[in-house]
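See structure below.
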Amino acid sequence: MRRLVVLVALAGLGAGCASSPFPEDLTRTVNRSLSLAEIRADPPAHMGEHVILGGDIIKTTPKPGDTEIEILARKLGGGDAPERGDGSAGRFLVRTAGFLDPAIYARGRRLTVLGTVAGTEERSVGDVGYVYPVIRAERVKLWPVEGPWVGGDYPPVPLDTPILPYPR
């Protein structure tokens, strides 16, 4: 009986550590095995599929009735947060109902979207043609801005050390 209690407690702790920012009833139908590369390779085959994608905002454009967000895709880590780094599977467009302020949904902010594949749109990136998968958002999660490192310049040292690396 004691083992059962410990196992249930550990399972509960593990489930709460890296959960999705979206309600469980919405994430049940998400196809987590579907990648942006697969969507780009064959968009008609994935129309209407529920996905969770994320990345860094490139541009936010409010339009009458909705807002369009261009995203540079990133791999999702714990809690469905986009990871930092140079790797990307490409770009995609997010369309949300209503107005999202470009000053808040600004370039460089991280965003995760839960939505459905709604087709593609061809545009250019510089002088190169690019086919953007379009995701119709049901929910979006804008991640907090990460502040700079506020730790000290030196490693912690006991105060009774005969020679300190900096003056007291």
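In the working numbering, the protein residues as written are 32 to 199. Note that CB positions come from ideal geometry on N, CA and C, so glycine has one too. A quick note: this is a predicted structure, and the numbers were derived from the prediction, not measured.
Specify the secondary structure class of residue i as computed by DSSP and reduced to three states.
{"i": "GLU55", "result": "helix"}
{"i": "PRO95", "result": "coil"}
{"i": "ASP111", "result": "helix"}
{"i": "VAL61", "result": "coil"}
{"i": "SER50", "result": "coil"}
{"i": "GLU101", "result": "strand"}
{"i": "ALA72", "result": "helix"}
{"i": "LEU131", "result": "coil"}
{"i": "LEU35", "result": "Here the model assigns LEU35 a pLDDT of 48, short of 50, so the residue's position is not dependable and the matter cannot be decided."}
Where do the ends of the beta strand (DSSP E) carrying residue i lie?
{"i": "ARG141", "result": "141-156"}
{"i": "ARG138", "result": "No beta strand (DSSP E) contains ARG138, which DSSP labels as neither H nor E."}
{"i": "GLU169", "result": "159-173"}
Contact defined as beta carbons within less than 8 Å: I believe residue i pairs with residue j. What is the distance between those atoms, to the nearest angstrom?
{"i": "ASP111", "j": "THR147", "result": "Not a contact, Cβ separation roughly 16 Å."}
{"i": "GLU55", "j": "LEU65", "result": "With 8 Å as the limit, GLU55 and LEU65 do not qualify as a contact, their Cβ atoms being about 19 Å apart."}
{"i": "ARG122", "j": "LEU173", "result": "About 18 Å; that fails the 8 Å criterion."}
{"i": "MET58", "j": "LEU145", "result": "The question names Met, yet the displayed sequence has Thr at residue 58. The pair is a contact, with the Cβ atoms about 7 Å apart (cut-off 8 Å)."}
{"i": "ILE88", "j": "ILE100", "result": "6 Å"}
{"i": "VAL159", "j": "THR151", "result": "With a Cβ gap of about 16 Å, VAL159 and THR151 do not count as contacting."}
{"i": "PRO179", "j": "ILE70", "result": "Actually they are not in contact, since the Cβ atoms of PRO179 and ILE70 sit about 35 Å apart, beyond 8 Å."}
{"i": "PRO93", "j": "LEU131", "result": "7 Å"}
Query raised in the report: Just checking, does the segment 101-113 make contact with the segment 71-81 on the three C-beta pairs under 8 Å criterion?
Result: no
Query raised in the report: If we count Cβ pairs, one from each stretch, closer than 8 Å, do we get three or more for the segment 157-177 versus the segment 122-129?
Result: yes
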